[in-house]
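Right, one structure below, let's go through it.
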Amino acid sequence: SQQGEEDPQALSIQEGENATMNCSYKTSINNLQWYRQNSGRGLVHLILIRSNEREKHSGRLRVTLDTSKKSSSLLITASRAADTASYFCATDDNNDMRFGAGTRLTVKP
Amino acid sequence: KAGVTQTPRYLIKTRGQQVTLSCSPISGHRSVSWYQQTPGQGLQFLFEYFSETQRNKGNFPGRFSGRQFSNSRSEMNVSTLELGDSALYLCASSLGRAYNEQFFGPGTRLTVL
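Going line by line, the protein sequences match chains A and B.
Start counting the first sequence at 1; every next residue gets the next number (my numbering).
Start counting the second sequence at 1; every next residue gets the next number (my numbering).
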């Protein structure tokens, strides 16, 4: 069963704009990760944030984590057409890794 | 370093048959996890192996099984295939537990007719 739920399910923006995706989860976690998947291919790890961290940056990516609200957000700044993909959050609660349903991001050139 | 490799990449089977999928992790990675991805259910965790031992198992029937060899390569087997088993099967490896950064293979696309 899935743990995380991404919001929105789909997002369409113009190149250069920022994209924000949200993830909510249900149980206590050790860490939360974000992955990207290009159509029908394997997932690529983007960033990991631990439960005792509140914000993390990696290049054009910014991730926040609010454990009190059991939610995380992924911000992609200055988006590019190559950022078009599905984005998933994944949570680790010591039992298994659970992925959300994903946000389908389309960046129009 | 070579990435995670999965074989075969595509597979077509008929109902009732069984199938074995293979995954070779990144050299040095001891944890291998398997996931099933379908449009309806999304990414579902199947199981995780570490040093030839199954550490965690997702909520799948016993028709789904796996194993890991001493060189960390892993196989998963699905017996008595059903139409609903059609999916992309993804393997991921990591250094320690699966809860660290995982490196995914390209997947095996299984179609059950």
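Even for Gly, the Cβ is constructed at its ideal location relative to N, Cα and C.
All figures in this text were calculated on a predicted structure; none of them were measured in a lab.
What separation, rounded to the nearest whole angstrom, lies between the Cα atoms of residue i and residue j?
i                      : j                      : result
residue 8 of chain B   : residue 88 of chain B  : 12 Å
residue 113 of chain B : residue 6 of chain B   : 22 Å
residue 30 of chain A  : residue 55 of chain A  : 15 Å
residue 1 of chain A   : residue 37 of chain B  : In this prediction, residue 1 of chain A has a pLDDT of 46, which is less than 50 and means its spatial position is unreliable; what the coordinates show is noted afterwards. Their Cα atoms are separated by approximately 12 Å.
residue 107 of chain A : residue 43 of chain A  : 19 Å
residue 60 of chain A  : residue 18 of chain B  : 45 Å
residue 67 of chain A  : residue 12 of chain B  : 43 Å
residue 26 of chain B  : residue 103 of chain B : 8 Å
residue 73 of chain A  : residue 3 of chain B   : 28 Å
residue 20 of chain A  : residue 14 of chain B  : 42 Å
residue 82 of chain A  : residue 23 of chain B  : 28 Å
residue 12 of chain A  : residue 59 of chain B  : 34 Å
residue 14 of chain A  : residue 79 of chain A  : 8 Å
residue 105 of chain B : residue 40 of chain A  : 12 Å
residue 34 of chain A  : residue 62 of chain A  : 11 Å
residue 96 of chain B  : residue 83 of chain B  : 34 Å
residue 111 of chain B : residue 78 of chain B  : 12 Å
residue 146 of chain B : residue 17 of chain A  : Chain B is shown from 1 up to 113; residue 146 of chain B falls before or after that span and cannot be answered.
residue 53 of chain A  : residue 67 of chain B  : 35 Å
residue 109 of chain B : residue 94 of chain A  : 29 Å
residue 76 of chain A  : residue 57 of chain A  : 10 Å
Among the options, which residue has its Cα nearest to the Cα of residue i?
i                      : options                : result
residue 81 of chain B  : B/64, B/32, B/47       : B/64
residue 16 of chain B  : B/70, B/85, B/44       : B/85
residue 69 of chain A  : A/20, A/21, A/13, A/28 : A/28
residue 64 of chain A  : A/22, A/38, A/7, A/107 : A/22
residue 101 of chain B : A/45, A/51, A/40       : A/45
residue 62 of chain B  : B/47, B/73, B/71, B/72 : B/47
residue 32 of chain B  : A/97, A/81, A/77       : A/97
residue 71 of chain B  : B/29, B/3, B/10        : B/29
residue 94 of chain B  : B/79, B/60, B/74, B/59 : B/74
residue 49 of chain B  : B/78, B/92, B/110      : B/92
residue 90 of chain A  : A/12, A/47, A/76       : A/47
residue 51 of chain A  : A/24, A/88, A/32       : A/32
Answer with buried or exposed for residue i, where buried requires no fewer than 16 other C-beta atoms within 10 angstroms of its C-beta.
i                     : result
residue 9 of chain A  : exposed
residue 92 of chain A : buried
residue 84 of chain A : buried
residue 36 of chain A : buried
Just the chain B side, please: which residues come within less than 7 Å of residue i by C-beta, in chain order?
i                      : result
residue 42 of chain A  : 90, 104, 105, 106, 107
residue 101 of chain A : 42
List, in chain order, every chain A residue whose beta-carbon is nearer than 8 Å to that of residue i.
i                      : result
residue 33 of chain B  : 97
residue 101 of chain B : 33, 45, 48
What residues of chain A sit near residue i, judged by a beta carbon separation below 9 Å?
i                     : result
residue 82 of chain B : Near residue 82 of chain B there are no residues of chain A at all, since even the closest Cβ is about 19 Å away, more than 9 Å.
residue 64 of chain B : By Cβ distance, chain A contributes nothing, its closest Cβ being about 14 Å from residue 64 of chain B, past 9 Å.
residue 75 of chain B : In chain order: nothing, as chain A lies at least about 18 Å away.
residue 48 of chain B : 96, 97
Confirm the yes/no value for this check: CB of residue i, any heavy atom of the ligand ATP, distance under 8 Å.
i                    : result
residue 3 of chain B : Absence of the ligand ATP is noted for the structure shown, with no ligands found whatsoever.
Using a Cβ cut-off of 9 Å, pull out every chain B residue sitting near residue i, in sequence order please.
i                     : result
residue 59 of chain A : Within chain B, no residue comes near residue 59 of chain A; the closest Cβ sits about 16 Å away, beyond 9 Å.
List, in chain order, every chain A residue whose beta-carbon is nearer than 7 Å to that of residue i.
i                     : result
residue 40 of chain B : Here the premise fails: no neighbours, minimum Cβ distance about 10 Å.
residue 45 of chain B : 96, 97, 98
Exercise. Does the pairing of the region 38-54 of chain B with the region 87-103 of chain A give three or more beta-carbon distances under 8 Å?
Worked result: Contact holds: three or more Cβ-Cβ distances are below 8 Å.
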